[in-house]
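Engineer: Could you have a look at this structure, given as structure tokens, before my questions?
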Amino acid sequence: MIRPATSDDVPAILRLIRELAEYERALHEATATEEQVRAHLFGADPKVFAHVAEHEGEVVGFALWFLTFSTWLGSHGIYLEDLYVDPSVRGRGHGRALLTELARIADDRGYGRVEWSVLDWNTPAIGFYESLGARPQDEWTVYRLTGDALAKAARA
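The numbering of the sequence shown is my numbering, which starts it at 46 and goes up by one.
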């Protein structure tokens, strides 16, 4: 079952975030706390949203997303920040159901796209995404300012 996350799901979402970070070889970068996740997902004016997948009453997967805007399309889109399903229940359709729900939201609301990033070595995820009809945007390179570089740019 796929449903919008609730505040009660935050511990499970954070556990899954850490599992994803470990899988992506970056657990040391996953510093989010329950308080931060709860505040951003369920505070007075949330800018980020989540859906969860349940199996036998337990949260086993999540999709965390936010709105983007395309000046070329003149419409919002969904950026999927994280999609993760516990390895013990993979292959049962939870990941597909989470992405289907985001596609349904985008389509119902007239959004122009759903997009995300995937690590180039994550061939299982790439194969899964391509099986849904998603295509890589090879002509684009992602850039990021963070940490000291972000602070320096802010003071430039």
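Ideal Cβ positions, reconstructed from N, Cα and C, are used throughout, including at glycine.
Quantities reported herein were computed from a predicted structural model and do not represent experimental measurements.
Could you check if residue 73 is buried or exposed, using at least 16 other CB atoms within 10 Å of its CB as the buried criterion?
Structural biologist: Here the question's residue 73 lines up with position 28 in the sequence shown. Residue 73 is exposed by the Cβ-count criterion.
Engineer: Between residue 157 and the rest of its own chain, which residues show a CB-CB distance below 6 Å, the 5 nearest in sequence each way excluded?
Structural biologist: In the sequence shown, residue 157 corresponds to position 112, counting from 1. The residues are 115, 118, 120, 122.
Engineer: If you measure between the beta carbons of residue 139 and residue 105, is that distance less than 8 Å?
Structural biologist: Working through the sequence shown from its first residue, we reach residue 139 at position 94. Working through the sequence shown from its first residue, we reach residue 105 at position 60. Yes, these two residues count as a Cβ contact at 8 Å.
Engineer: Quick check on DSSP: helix, strand or coil for residue 113?
Structural biologist: Walking along the sequence shown from the start, residue 113 turns up at place 68. Three-state result, residue 113: strand.
Engineer: For the alpha helix (DSSP H) containing residue 153, list its first residue and its last residue.
Structural biologist: Along the sequence shown, one-based indexing puts residue 153 at 108. From DSSP, the alpha helix (DSSP H) with residue 153 extends over 139 to 154.
Engineer: Are the segment 60 to 75 and the segment 136 to 151 touching, with three or more C-beta to C-beta distances below 8 Å?
Structural biologist: These segments do not touch.
Engineer: Have a look at residue 103 and residue 182 and give me their C-alpha separation to the nearest angstrom.
Structural biologist: If you number the sequence shown from 1, residue 103 lands on position 58. If you number the sequence shown from 1, residue 182 lands on position 137. Approximately 35 Å, taken between the alpha carbons.
Engineer: Which whole-angstrom value is the C-beta distance of residue 109 and residue 93, which I expect to be below 8 Å?
Structural biologist: Here residue 109 refers to the residue found at position 64 when the sequence shown is read from its first residue. Here residue 93 refers to the residue found at position 48 when the sequence shown is read from its first residue. At roughly 6 Å, the Cβ-Cβ gap stays under 8 Å, so residue 109 and residue 93 are in contact.
Engineer: Locate the beta strand (DSSP E) running through residue 193, then write down its first and last residues.
Structural biologist: For this step, residue 193 is matched to residue 148 along the sequence shown. Careful: residue 193 lies outside any beta strand (DSSP E), inside the alpha helix (DSSP H) at 192 to 200.
Engineer: Could you give the distance in angstroms between the alpha-carbon of residue 144 and the alpha-carbon of residue 178?
Structural biologist: Reading the sequence shown from its first residue, position 99 is the one you call residue 144. Reading the sequence shown from its first residue, position 133 is the one you call residue 178. In a straight line, the C-alpha of residue 144 is about 12 Å away from that of residue 178.
Engineer: Give the DSSP-derived three-state secondary structure of residue 48 in the structure shown.
Structural biologist: As a position in the sequence shown, residue 48 is number 3, starting the count at 1. It is a strand residue.
Engineer: Give me the residue from 195, 128, 66 with the minimum Cα distance to residue 170.
Structural biologist: Numbered from its first residue, the sequence shown carries residue 170 at position 125. Among 195, 128, 66, the Cα nearest to that of residue 170 belongs to 128.
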